[in-house]
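J.: Sharing a structure with you now.
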Amino acid sequence: MDKLKFSIVLLVIFLLSISSVAATCNIIVITDPTGKDPNGAAAGSMSFADNMFQSTFLMSKNNHFAVLSGGTGSSDTRLDSIVAAVASLENNVSAASAASIASQYKGARLVVGGPGIGAAVGGSFDAYVVTVDEGTNTIQVTPYNSGIATLQPGQKGAIIHLRNTNGNPLYGTADSVRKETAMNIGKMIRDGYPATTILSEAMGQVANESGEKYGGGGVNLVSGISTGDMFTPKDMNTTGYPMDEQYSKVCDECGWGMGYPASEAYDKCPVCGDDLRVVYAYEALGNALTVSPNAVSVSVYGSDRPGLAETTKEIVEASVAKNGYDASAIATSINRGINNGLLMGVDHVEPKDLNVKQGSKAVGVYYKALPGDKSSPSWDLPVDGNILGILGSIQTAVGIILILLVVFRSRLLKSFQSR
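So that you can map any letter, position 126 of the sequence shown is 291 in the working numbering, and since no number is skipped, the others follow by simple counting.
Put into C-alpha cells, the structure is as follows:
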C-alpha cells in the first residue's frame, strides 16, 4: 500500500502541473475471478487528449485492484474522487461502493475492479457491461449511462467505457465502437483468451476505429505488471504514443528487436539476417502485460534515451530464453548490443548493475548514461587512458617544435653557420 500512496502523491503533483485531462476509454477485463490465472484480470486507459500519464490509473499490487479515472470534471475533482475510492477499497468495500463515490463529485467518473471484487463504473459514463456465463458460454452485453454499472464478483466479464474527445477527427464514432468492442470482448472471453490479450486487442480496436488512441497504458491486476512509461508522453501537455501505430520491429528467430523510429532503418535482422516482424503499440501492450514461461519483466533505469528500454527488453528476453536468468550472460548480451550500436548513450554494464529475480521473472538494468552527447563508451584498450593523454601531450609538444624548426629553419641555419 505504501507504493500506492506514493502513486497518489505523484498524481497530485501531475494534476497540479498539467492542464485538465481525462481518460475517455477505460476497460477492465476479468477472465478468471478466482485470481489463480496470472493473466486473468487486466485494466487500461487511453484518450485522444493530452497528458495521458500512468497516474490516470492506479493499481494495488497487494490487493489486486485498479482505480481508473476520467470524466468531465476538473483535475481537483478527479483527484478527490480517486483518493476517496482508494481509501474505501483499502477498507474492503465492494467495487460498486467504491465506484459510487464518483457521483459525489461533479463530472467525475471512476472505474474500479479486480479479480476478487468484480468491477464497477460510476459517475459520468457511457459504458457496456459484458458477462459470459461459465456454464452455457452465453454472452450478454448491456449498455449503461447512469447510476452504477456492475460486474459482480465471481463473474467472468468486462466493463468498457468510451466517449469521443472534442477535436478528435473521428468524433461521433464512440457509440458504435463501444458496442462492437464490447461484443468482441465477450467473444474472446468465451473463447478462452487471457484478460491481458483481450485488453490489448480491445484497445487496438478502439484506437483504430474511434480515434481515442493515445496512451495511457495497462496493468495486469493479478501479476502486478504495468506498462509504466511505454506509451505515456515525455513532455507536459502532449499526447502519448498512438496505440494503433507501429511500435517496434522484432526478429522471431534470434530475439533481436528495436523500437521506432530507429527500427525504420532495418528491413532484415542485423544479427541473423532473418525477416523482421512489425509490432503495433497495442500488441506491445499485451506482450508487456502477459506472463508466460518465456516472458520477462524488464525495467530500465538511468537513462530515458528513446528506444533504449524497448531494445534492452528484447535483448534481455533473448538472453534469458537462451541462457536462463544468468546475470553474467545478460550483461554480456547487453554489452554486445552497446558495441554493435543497438544501444546508444549508455556505458557498459556489469553483472552487479543488474537486479535479476528469477522467481518473479524480472530483470532490472541500471545504466550509467554517457556524458554529453556521446553515443558509445570509450574503447576498452590495454593502455590506461591517462597514459594516452600524456602521450598525446608529448606528441603535441614535439609537433610544435617541428613546426618551429620548419618555419624558422633558414634563420636557425644562418645562426648556426655564423657560429
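For every residue, glycine included, the Cβ atom is placed at its ideal position computed from N, Cα and C. Owing to the predicted nature of the structure, the values given are computational and were not obtained by experimental measurement.
Could you pull the DSSP bridge partners for P407 from this structure?
T.: For the purposes of this step, residue 407 is identified with residue 242 of the sequence shown, where counting begins at 1. Y379.
J.: Check whether the stretch 413-424 touches the stretch 469-482, counting contact only when three or more Cβ pairs, one atom from each stretch, lie closer than 8 Å.
T.: The stretch 413-424 vs the stretch 469-482: in contact.
J.: Which complete alpha helix (DSSP H) runs does the stretch 311-361 hold, if anything under 4 residues is left out?
T.: The stretch 311-361 contains these whole alpha helix (DSSP H) runs: 339-355.
J.: May I have a chain-ordered list of the beta strand (DSSP E) segments no shorter than 3 residues that lie completely inside the stretch 451-508?
T.: Whole beta strand (DSSP E) segments, 3+ residues: 462-466.
J.: Could you check what DSSP says for L244 in three-state terms: helix, strand or coil?
T.: Position 79 of the sequence shown holds residue 244. In this structure, L244 counts as helix in the three-state DSSP scheme.
J.: Compute the distance between the beta-carbons of V277 and G322, then report whether it is under 8 Å.
T.: Walking along the sequence shown from the start, residue 277 turns up at place 112. Walking along the sequence shown from the start, residue 322 turns up at place 157. No, the pair does not count as a contact, with Cβ atoms beyond the cut-off.
J.: Using the three-state DSSP reduction, which class does M368 fall into: helix, strand or coil?
T.: Taking the first residue of the sequence shown as position 1, residue 368 is located at position 203. DSSP places M368 in helix when its eight states are reduced to three.
J.: With DSSP as the reference, identify every bridge partner of Y293, one or two as the case may be.
T.: Here residue 293 is taken as the residue at index 128 of the sequence shown, counted from 1. P308 and I325.
J.: Looking at the unbroken beta strand (DSSP E) that takes in S210, where does it start and where does it end?
T.: Reading the sequence shown from its first residue, position 45 is the one you call residue 210. S210 -> beta strand (DSSP E) spans A206 to S212.
J.: Could you tell me whether the Cβ atoms of P318 and I354 are closer together than 8 Å?
T.: Translated into positions along the sequence shown, residue 318 becomes position 153. Translated into positions along the sequence shown, residue 354 becomes position 189. Their beta carbons are not under 8 Å apart, which means P318 does not touch I354 by this criterion.
J.: Does the Cβ of E410 have 16 or more other Cβ atoms within 10 Å, making it buried, or fewer, making it exposed?
T.: Locating residue 410 in the sequence shown gives position 245, where the first residue counts as 1. Under this definition E410 is an exposed residue.
J.: Hey, could you find the ends of the alpha helix (DSSP H) A427 is sitting in?
T.: On the sequence shown, residue 427 is found 262 positions in, with the first residue counted as 1. Premise fails: A427 is in no alpha helix (DSSP H) and is neither H nor E.
J.: So, V306 versus V342, is the Cβ gap smaller than 8 Å?
T.: Locating residue 306 in the sequence shown gives position 141, counting from the first residue. Locating residue 342 in the sequence shown gives position 177, counting from the first residue. No, the pair does not count as a contact, with Cβ atoms beyond the cut-off.
J.: Would you check if the distance between the CB atom of V514 and the CB atom of N500 is smaller than 8 Å?
T.: Position 349 of the sequence shown, counted from the first residue, corresponds to residue 514. Position 335 of the sequence shown, counted from the first residue, corresponds to residue 500. Taking 8 Å as the Cβ cut-off, V514 and N500 qualify as a contacting pair.
J.: Are the beta-carbon atoms belonging to G376 and L335 less than 8 Å from one another?
T.: As a working mapping, residue 376 is identified with position 211 in the sequence shown. As a working mapping, residue 335 is identified with position 170 in the sequence shown. Yes, the pair counts as a contact, with Cβ atoms nearer than the cut-off.
J.: From the DSSP output, read off the bridge partner residues of M224.
T.: What you label residue 224 is simply residue 59 of the sequence shown in a count that begins at 1. DSSP output for M224 lists A231 as bridge partner(s).
J.: For the alpha helix (DSSP H) containing A263, name the first residue and the last one.
T.: One-based indexing of the sequence shown puts residue 263 at position 98. Its alpha helix (DSSP H) spans residues A260 to S265.
J.: Are the Cβ atoms of L364 and A231 separated by less than 8 Å?
T.: Taking the sequence shown and counting its residues from 1, one reaches residue 364 at position 199. Taking the sequence shown and counting its residues from 1, one reaches residue 231 at position 66. No, Cβ-Cβ distance for L364 and A231 is not below 8 Å.
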